[in-house]
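Following: one structure in structure tokens, then a few remarks.
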Amino acid sequence: MKIVHFSTSDNVGAFKATYYLHRALRQEGVESLLLVKRKTVSDDTVVQIDTQRVASVRRSFFFNGKRQRALPHAGTFHIHEETIPLVAVKKYLSGVDIICLHWINGLLSSQGIREIHNYARVPFVWTLMDIEPLTGGCHYSFSCDNYKRQCRQCPHFKEPLALYRKASQYEQYGDLINAEKLFKQLLFRSGMHKNILGGVSFHLGEIQYRLENLKKAEHYYKKCRMFIPFHNKARDRLRSIVRKEIIAVNKGNYFLKILNAFGESVKSDPSYQIWQKKYKNLSSLPITFVAGSSWLFRKCKESSLFSHRAVKKILLSVNDNIFKRGSKYEARNRLHLPHEKRIIFFGAREIREYRKGFEYLLDALSVLYDQCAALCDEILLVTAGGHLPNFNIPFQHKHLGFLKEDEMLALAFQAADVFACPSIEDAGPMMINQAVMCETPVVAFNTGVVPDLIFSGYNGYVAQKYSIEDFAFGLKRVLERGNNTFSVEMQDGKKRCTFQYQAKQYIQLFEELVYDKKVRLGF
938 MKIVHFSTSD
948 NVGAFKATYY
958 LHRALRQEGV
968 ESLLLVKRKT
978 VSDDTVVQID
988 TQRVASVRRS
998 FFFNGKRQRA
1008 LPHAGTFHIH
1018 EETIPLVAVK
1028 KYLSGVDIIC
1038 LHWINGLLSS
1048 QGIREIHNYA
1058 RVPFVWTLMD
1068 IEPLTGGCHY
1078 SFSCDNYKRQ
1088 CRQCPHFKEP
1098 LALYRKASQY
1108 EQYGDLINAE
1118 KLFKQLLFRS
1128 GMHKNILGGV
1138 SFHLGEIQYR
1148 LENLKKAEHY
1158 YKKCRMFIPF
1168 HNKARDRLRS
1178 IVRKEIIAVN
1188 KGNYFLKILN
1198 AFGESVKSDP
1208 SYQIWQKKYK
1218 NLSSLPITFV
1228 AGSSWLFRKC
1238 KESSLFSHRA
1248 VKKILLSVND
1258 NIFKRGSKYE
1268 ARNRLHLPHE
1278 KRIIFFGARE
1288 IREYRKGFEY
1298 LLDALSVLYD
1308 QCAALCDEIL
1318 LVTAGGHLPN
1328 FNIPFQHKHL
1338 GFLKEDEMLA
1348 LAFQAADVFA
1358 CPSIEDAGPM
1368 MINQAVMCET
1378 PVVAFNTGVV
1388 PDLIFSGYNG
1398 YVAQKYSIED
1408 FAFGLKRVLE
1418 RGNNTFSVEM
1428 QDGKKRCTFQ
1438 YQAKQYIQLF
1448 EELVYDKKVR
1458 LGF
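For the sequence shown, the working numbering gives the first residue as 938, with consecutive numbering after it.
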């Protein structure tokens, strides 16, 4: 059986999960080939597609002024329709039985998928890494349920503008605390345009300037200048801070104009246009979806595009030779962490990404401190990931940086007393699967893969979504009880996260699809 996978890359997060699946299938005797846009691994069965032709087309669009403008929510909304030309992959599709799609933004558009099917005429298996394949462009919909109908008037275009206006009103009327809170929400959003991030940073600097917190003000002004090097007002503020002068706030509306310009995109309903393209190109194709969590499974069944399609739930696998129960003593030694502390571990690729919930964790830690101040000297928060924002907590803190190697990440789980996962919107995250394999208790909100793998009182605590008090209660409960019990059900969860189990589930699905195709064709 020959399987060809398409993935934008082969490393980090969803891309790494794709590579692990590809490798596991080969270990089970499947002829598997992984086609990527960006190759990082030294593996002959992973092929980097020649995308020079695509790049030249994108450049011509840009210089002709036809390229779509960047979006405030570029990190959680996909609008560009780049796709590889069919001629670049034809030679790899000879004799293929199944085509597997994974995270393909920037690699394949709906039209590109259609062209590949018209050439290969084989079933597709699409592994969902988020809900973008099911929507008019958003990777995560939060409270919006337009994907259940036909996407339009996407709140990803409206919300930053509304938040900015509301924060500006608070600032104008002197409510600096609420203004700061709302501006920080914008600053935590991933994929925001640099001009907007610069504007938000400037406002946060102005707020701290008015509060005479000059050190914090200096930090935000420098961040503003990082995004917008020639921002004269931020430069003048930095100069005045050096002179220790407090001067009146100059309220401008430049950044509001920028946000309003982005808001004009709503008039053209890009989410509806993308939904229509997907419906036209994909609705009739033989696509079977694979969901890595109950959350994704439900989203697929609710979607207006693919609710009629078959969906199979197969959890994402992790390397059980690396992510396994280990000596807490040895792990702390290698990471230079104190042995006498109770360690709460939090990690994310982008810590400041709003949906990862770091602000919820900070609030929960404040509640935890109020409930058990006696533990203040015993608790250590350990974080890992990129772009760590400034914050204050009543406990000690150590940042491990971005852990590129799985071995180092596994040590972080093994060293921890609890893994805190405050994600409020997530397809996984895969770090929960990794924590379960290391038998590290997990406290998390009820979303993503949490209901599939975490059971309160056994291997962690499932908190009510958005409830800071319940999350803090879960942390307190796990820390006080020590190691949780990993029962037979928990061991079954670990089994479902292994390479071998995942590969066999996929192979079973492939065989069913190939058999169905032969029956339809009369073989």
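For glycine and all other residues, C-beta sits at the position ideal for the given N, C-alpha and C.
No experiment lies behind these values; they were computed from the predicted model shown.
Inclusion of R1162 and A1171 in the CB contact set at 8 Å is warranted, their separation being smaller than that value. Contact between the region 1397 to 1413 and the region 1348 to 1366 is present, with at least three C-beta pairs closer than 8 Å. Counting the other CB atoms within 10 Å of its CB gives Y1452 a total below 16, which places it among the exposed residues. Residue pairing for R1147: DSSP places it in no beta bridge. Runs of the alpha helix (DSSP H) lying entirely within the region 1378 to 1434, each at least 4 residues long, are 1387 to 1390, 1405 to 1418, 1425 to 1432 in chain order. According to the DSSP assignment, V983 belongs to the beta strand (DSSP E) that extends over 983 to 985. Rounded to whole angstroms, the separation of the alpha carbons of V1024 and Y1403 is 48 Å.
Within 10 angstroms of the beta-carbon of H1140 lie 16 or more other beta-carbons, which makes it buried.
Inter-residue distance for K1335 and T1320 is about 6 Å (C-alpha atoms, whole angstroms). Separation of the CB atoms of L958 and Q1333 is rounded to 39 Å, and the pair is thereby denied contact status at 8 Å. By the Cβ criterion, the region 1304 to 1313 is not in contact with the region 1238 to 1247, since fewer than three pairs of Cβ atoms, one from each stretch, lie closer than 8 Å.
For W1063, the enclosing beta strand (DSSP E) begins and ends at 1061 to 1065.
Relative to the Cα of Y1110, the nearest Cα in the group Y1077, Q1090, I1144 belongs to I1144. The region 1219 to 1234 and the region 1083 to 1091 do not touch, with fewer than three beta-carbon pairs separated by less than 8 Å. Taking the CA atoms as reference points, N1169 sits about 16 Å from K1131. Taking 8 Å as the cut-off, the Cβ atoms of P1275 and L1317 count as close. Comparing alpha-carbon positions, the option among L1030, E1019, I1035 lying closest to G1043 turns out to be E1019. In the structure shown, the three-state DSSP call for L1045 is coil. Between the region 965 to 976 and the region 1048 to 1066 there are fewer than three inter-stretch CB-CB distances shorter than 8 Å, so the stretches are not counted as touching. Residue pairing by DSSP places G1284 opposite A1321 in a beta bridge. Contact between T945 and W1040 is confirmed by a C-beta separation of about 6 Å, below the 8 Å threshold. The three-state secondary structure of E968, taken from DSSP, is strand. In the DSSP assignment, Q1333 falls outside any alpha helix (DSSP H) and lies within the beta strand (DSSP E) extending over 1333 to 1336.
Beta-bridge analysis with DSSP links A1228 to L1065, K1250.
Nearest in C-alpha terms to L1252, of all of L1113, I1050, V1387, is V1387. Under the DSSP assignment, F943 falls in the beta strand (DSSP E) whose first and last residues are 939 to 946. Each of A954, G1365, N1218 was checked against the Cα of V1255, and the nearest Cα belongs to A954. Secondary structure at I1259: coil, using DSSP grouped into helix, strand and coil. In summary, F1125 is buried, with 16 or more beta-carbon neighbours lying within 10 Å of its beta-carbon over all protein chains present.
In this structure, the alpha-carbon of K1293 lies about 9 Å from that of G1284. Residue pairing by DSSP places I1021 in no beta bridge whatsoever.
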